[in-house]
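Going by our numbering, the final residue of the sequence shown carries number 223, and the count climbs one at a time with no gaps.
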Amino acid sequence: MLDFLDRIGMPFKAGPFGQDGFLPGIQIVDGAMLIDPDRLAGSGDVLHEAGHIVTVPSRWRAMLGNDVIDSLDAVTASDPGAAEDFKLQTSIKMSEFMAQAWSYAALRELGLPPECVFFPGSYKFHSDIRPHPMAAWVESGTHFGIMALAQVGMTGGTGIFEPLGADGLPQFPKMAKWLQD
Numbered sequence: 043m044l045d046f047l048d049r050i051g052m053p054f055k056a057g058p059f060g061q062d063g064f065l066p067g068i069q070i071v072d073g074a075m076l077i078d079p080d081r082l083a084g085s086g087d088v089l090h091e092a093g094h095i096v097t098v099p100s101r102w103r104a105m106l107g108n109d110v111i112d113s114l115d116a117v118t119a120s121d122p123g124a125a126e127d128f129k130l131q132t133s134i135k136m137s138e139f140m141a142q143a144w145s146y147a148a149l150r151e152l153g154l155p156p157e158c159v160f161f162p163g164s165y166k167f168h169s170d171i172r173p174h175p176m177a178a179w180v181e182s183g184t185h186f187g188i189m190a191l192a193q194v195g196m197t198g199g200t201g202i203f204e205p206l207g208a209d210g211l212p213q214f215p216k217m218a219k220w221l222q223d
């Protein structure tokens with residue numbers, strides 16, 4: 043996973059950082075992840091949090107902290123152009139959905155099972171039902187994150203979002219780019 047993040051240009055450091063951010067074992071500081079492997083609830087959380095970061099346009103990515111939404115709201119309040127930027131506003135409004143869909147595409151790219159990201163207890167779903175409802179939603183092609191990733195040009199639409207068009211981009215879960223410009 044860390045090799046993948048390095049390959050796509052996602053800034054991170056791994057080590058014993060001692061405190062948690064939004065999720066156990068992960069902090070986001072200035073748009074980079076600090077990952078403490080011994081404190082993670084699940085390794086897939088790394089992909090999910092990376093999804094929050096990489097789906098933010100590069101211009102604002104370095105302003106992200108542990109609470110990505112609070113960070114993005116602060117950007118919108120302080121940068122006059124931010125409120126009008128479609129890609130940024132999509133990242134704000136669809137952050138959780140985009141992170142879920144992006145992390146699913148990443149695990150598929152890595153050849154990992156959906157349970158890596160969608161494990162019991164993840165996304166506040168504590169049942170052992172398989173497949174995890176979020177994984178099933180993404181796999182069905184009806185998950186809103188797919189639409190949002192397609193709208194910002196990171197992938198082509200698929201499932202019910204196929205009419206959005208692909209603009210020559212590969213269909214989800216293939217990604218045209220792993221980081222928003």
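C-beta: ideal position from N, C-alpha, C; glycine also.
Using a Cβ distance threshold of 7 Å, Phe214 and Thr200 count as a contacting pair. Within 10 angstroms of the beta-carbon of Phe139 lie 16 or more other beta-carbons, which makes it buried.
The continuous stretches of beta strand (DSSP E) do not include Leu106, and DSSP gives it neither H nor E.
If you look at Gln131, you'll find it in the alpha helix (DSSP H) that goes Phe128 to Lys135. Sequence-distant Cβ neighbours of Pro66 in its own chain, meaning closer than 7 Å and more than five residues away, are Arg81, Leu82 and Ala83. Just so you know, the alpha carbons of Ser133 and Ala218 end up roughly 17 Å apart. Going by C-alpha positions, Ser85 is about 27 Å away from Gly198.
Secondary structure of Phe54 (DSSP, three-state): strand. In this structure, Phe59 places its C-beta atom within 7 Å of the C-beta atom of Asp78.
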